[in-house]
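Here's the structure we're looking at; comments come further down.
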Amino acid sequence: MADTHTGKLEKNRLNWRLLPFAAVGIIAFYLTSTSDLNYFWRGYLTLIIAQGGILLVYFLRSQLAKPKKS
634 MADTHTGKLE
644 KNRLNWRLLP
654 FAAVGIIAFY
664 LTSTSDLNYF
674 WRGYLTLIIA
684 QGGILLVYFL
694 RSQLAKPKKS
């Protein structure tokens with residue numbers, strides 16, 4: 634008999650995987666919207682924050698996913 638709950642678990646796990654990236658987006662939006670810069674610098678700052686945040690999330694997830702050696 635087939636397990637029908639597997640797809641639901643995969644979908645839920647996918648939502649949790651996107652949470653750190655959503656947090657980076659919210660932080661980038663907050664930092665650029667509170668700054669008193671012109672539009673060019675706001676756009677540049679948004680791109681820099683987004684790139685750095687994505688790299689930070691990627692490396693943190695890779696470090697946390699490594700099995701610990703005993």
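If you want our numbering, it's the 1-based position in the sequence shown plus 633. Glycine included, every Cβ here is placed at the ideal spot set by N, Cα and C.
> Any contact of the stretch 651-658 with the stretch 670-681, i.e. 3+ C-beta pairs under 8 Å?
Replying inline: no
>> Taking the beta carbon of residue 667 as the centre, do at least 16 other beta carbons fall within 10 Å, making it buried, or is it exposed?
In response: For the purposes of this step, residue 667 is identified with residue 34 of the sequence shown, where counting begins at 1. It counts as exposed.
> Which of helix, strand or coil does DSSP assign to residue 700?
Replying inline: Sequence index remark: in the sequence shown, residue 700 carries index 67 (1-based). Here residue 700 sits in coil by DSSP.
> Under 9 Å between the Cβ atoms of residue 654 and residue 687?
Replying inline: As a working mapping, residue 654 is identified with position 21 in the sequence shown. As a working mapping, residue 687 is identified with position 54 in the sequence shown. Yes, the pair counts as a contact, with Cβ atoms nearer than the cut-off.
>> So, under 8 Å CB-CB, residue 664 and residue 682 are touching, yes? Tell me the CB distance rounded to an integer number of Å.
In response: For the purposes of this step, residue 664 is taken as the residue at position 31 of the sequence shown. For the purposes of this step, residue 682 is taken as the residue at position 49 of the sequence shown. Confirmed, Cβ separation roughly 6 Å.
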